[in-house]
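Residue numbers (the working numbering): 3 to 327.
Here a beta-carbon is modelled for each residue, glycine too, at the ideal position from N, C-alpha and C.
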């Protein structure tokens, strides 16, 4: 449980309780008020909901700036921006999962909403483990940096093809180990077989399969994004909170992004440069700690460079694809 202790160190318990209470209140408002009646989410509604979550994330960042100072505030904003941008590719994979499994837009919000609950737990475990590793072995920062540089180069030369979900080994393994109904049963994740002319016992529906695959995709992308934020700060609270708020807003924005993913085809070039830049920064953190070099990239500069590169990537993509519908 050392990772758990490392995750919570440095902040009083009331701060963590306030954060979790705030996030749960947002989710309760989302499910109990905004989506009390299940309906197909439009692009306009997606944009409004995303704007709401972005405001909440920035509001939390403003509070952190007041509570811990400007350095912590800028680290949070930089981490938030990096997580949001690196998770963009996750939107494409989620869209592929939904289309491959034939999940209608009417039920997609339910999968994304409950997926957030898993993210809150799984990201805490991964960030806690990362914080414990960094605290005990500073040399792991060099590995983080090299991994990010390698990932950035890989993104630069990738062909953007995610393949067919039917050929995915994990998908095939799930199909062989669990019983799935041949079709959807409205918004249900599980149904009783005897109620639907199936053999006795509980059967998972394709909606539950989609939930598992979405959670797995998030874990894969977390391997990139979490080391990137550790380059900005080794404060587990800032790493975790920026992660969660960025994902909340991105899931809300999914329905708008999924409709216009083709307009961001040049964003990967900006992301690749950001990954290499952050990889260099995380390596410098270790060499500064060991006294090998005396050069640091200020947090304000990291925020400016990251924001500038991503903004340039978005604007260039929109300009190059301006004639596409």
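8 Å Cβ shell around residue 242 - same chain, five flanking residues per side excluded: 9, 125, 126 and 129
Proximity to residue 170 [Cα-Cα], best of 211, 156 and 159: 211
Element boundaries [beta strand (DSSP E), containing residue 194]: Unbroken beta strand (DSSP E) run through residue 194: 192 to 194.
Contact check, residue 248 vs residue 70, beta carbons under 8 Å: Taking 8 Å as the Cβ cut-off, residue 248 and residue 70 do not qualify as a contacting pair.
Out of 322, 103, 257 and 138, which has the shortest C-alpha to C-alpha gap to residue 168? 103
Let's test the definition: count the other Cβ atoms within 10 Å of the Cβ of residue 2 and tell me whether it reaches 16, buried, or not, exposed. Nothing about residue 2 can be read from this structure; the chain reaches only from 3 to 327.
DSSP on residue 206, reduced to helix/strand/coil? Strand at residue 206.
Taking its Cβ as the centre, do 16 or more other Cβ atoms sit within 10 Å of residue 319, making it buried, or is it exposed? buried
At what residues does the alpha helix (DSSP H) containing residue 187 begin and finish? Note, residue 187: premise wrong, no alpha helix (DSSP H); not H, not E.
Distance between residue 136 and residue 101 (C-alpha atoms, nearest Å): 39 Å
Are residue 213 and residue 282 closer than 8 Å when you measure CB to CB? no
Taking all protein chains shown into account, decide if residue 177 is buried (16 or more other Cβ within 10 angstroms of its Cβ) or exposed. exposed
Closer than 8 Å is the cut-off here; do at least three beta carbon pairs connect the region 259 to 279 with the region 179 to 188? no
Considering only DSSP beta bridges, list what residue 172 is partnered with. Per DSSP, none; premise fails for residue 172.
Whole-angstrom distance between residue 308 and residue 227, CA atom to CA atom: 14 Å
Three-way DSSP call (helix, strand, coil) for residue 159 in this model: If DSSP states are grouped into helix, strand and coil, residue 159 belongs with coil.
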